[in-house]
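Under this note's numbering, the first residue of the sequence shown carries the number 210, and numbering increases by one thereafter.
Data block below; observations after.
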Amino acid sequence: MSDITITPGDPRDPQATALLEQSHALMQSLFDPEDNHFLEIGALCVPSIQFFVAREDDVTLGCAAIANKGNYGEIKSLFVSPTARGKGISHLLMQALDTAARTQGLLALKLETGDKLTEAHSLYRAHGFEDCEPFGDYEANKSSIFMTKSLN
């Protein structure tokens, strides 16, 4: 078995786009439209966002994005192909996001996630995240959970 590598990527790469489309379809199946906060692929292609891919051989198995919000980074996307789960890819992507935030001198990482995504909640808590109040432009709603992690 080959090693899994995490590298900067492009959301417009066909394999990355396919993963993002799977993620978006899942979110649309679980949550009402007004409670979906994922970014469209084009919105991930801006200078304030770093996008990472997890690859094994030449296959993209996961992706993640972090937006620089000034003094904190917001995790905007994290998705691993269902066929590749259980390999630790989500943990590797979380480490890449943490490193990117620290490299940029950000003081915290924050995220919004859906209340039904219990495996994601466990992942975030394993990486030091705690529940917090809504931040940025978010407002409290019935299906969002907000989390933060200090980088100090």
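Beta carbons are placed, not taken as given, at the ideal position from N, Cα and C, and that holds for glycine.
Residue i classed as buried or exposed, judged by whether at least 16 other C-beta atoms fall within 10 angstroms
{"i": "Asn361", "result": "exposed"}
{"i": "Gln313", "result": "exposed"}
{"i": "Gly323", "result": "buried"}
{"i": "Pro242", "result": "exposed"}
{"i": "Gln259", "result": "buried"}
{"i": "Glu328", "result": "exposed"}
Identified DSSP bridge partners for residue i
{"i": "Ala273", "result": "Phe261, Leu287"}
Sub-8 Å separation of residue i and residue j beta-carbons
{"i": "Leu270", "j": "Val255", "result": "no"}
{"i": "Ile213", "j": "Ile298", "result": "yes"}
{"i": "Tyr347", "j": "Leu316", "result": "no"}
{"i": "Val262", "j": "Thr216", "result": "yes"}
{"i": "Leu306", "j": "Leu318", "result": "yes"}
{"i": "Ala273", "j": "Ser286", "result": "yes"}
Proximity test, residue i beta-carbon vs the ligand SAM heavy atom, cut-off 7 Å
{"i": "Asp340", "result": "Ligands displayed in this structure: none; no statement on the ligand SAM is therefore possible."}
Nearest-angstrom Cα separation, counted from residue j out to residue i
{"i": "Gln231", "j": "Gln224", "result": "11 Å"}
{"i": "Lys351", "j": "Phe344", "result": "15 Å"}
{"i": "Ser359", "j": "Leu239", "result": "29 Å"}
Coarse secondary structure for residue i, derived from DSSP in three states
{"i": "Glu230", "result": "helix"}
{"i": "Asp222", "result": "coil"}
{"i": "Ser352", "result": "coil"}
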